[in-house]
Amino acid sequence: MSVEEKLNQAKGSIKEGVGKAIGDEKMEKEGVAEKVVSKVKEVAEDAKDAVEGAVEGVKNMLSGDDK
């Protein structure tokens with residue numbers, strides 16, 4: 001999990017909340033969009049890490065170095 005993406009999600013939540021509180025629909029929607037984009041990036045990073053781990057595991061199994 002990326003700390004940067006967690007911060008971006010928090011920033012988006014704040015922006016969404018402020019937009020909702022002051023009746024600024026554009027700001028509210030921008031906040032929602034920022035949260036979604038950050039979450040997608042976070043999920044993609046997690047998937048990349050999982051694939052890299054799986055590839056490393058297969059390499060270790062094939063080389064007999066699966067300790």
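Numbering follows full-length UniProt numbering, with no gaps: position 67 of the sequence shown is 67.
For every residue, glycine included, the Cβ atom is placed at its ideal position computed from N, Cα and C.
Values in this document were obtained by computation on a predicted structure and should not be read as measured data.
Next item on the list: Express the C-alpha separation of Lys-20 and Lys-29 in angstroms, rounding to a whole number.
Entry: Lys-29 and Lys-20 have their C-alpha atoms roughly 9 Å apart.
Item checked: Under the three-state DSSP convention, the category Ser-63 falls into -> Three-state result, Ser-63: helix.
Next item on the list: Just confirm the distance between the C-beta atoms of Gly-31 and Glu-16, as a whole number of angstroms; I'd bet it's less than 8 Å.
Entry: With a beta-carbon spacing of about 3 Å, Gly-31 and Glu-16 fall inside the 8 Å limit used to define contacts.
Margin query: For a test of the three-state rule: what should DSSP assign to Ser-38, helix, strand or coil?
Written below: Correct three-state label for Ser-38: helix.
Note to self: If you measure between the beta carbons of Gly-12 and Lys-35, is that distance less than 8 Å?
What the structure shows: A distance below 8 Å separates the beta carbons of Gly-12 and Lys-35.
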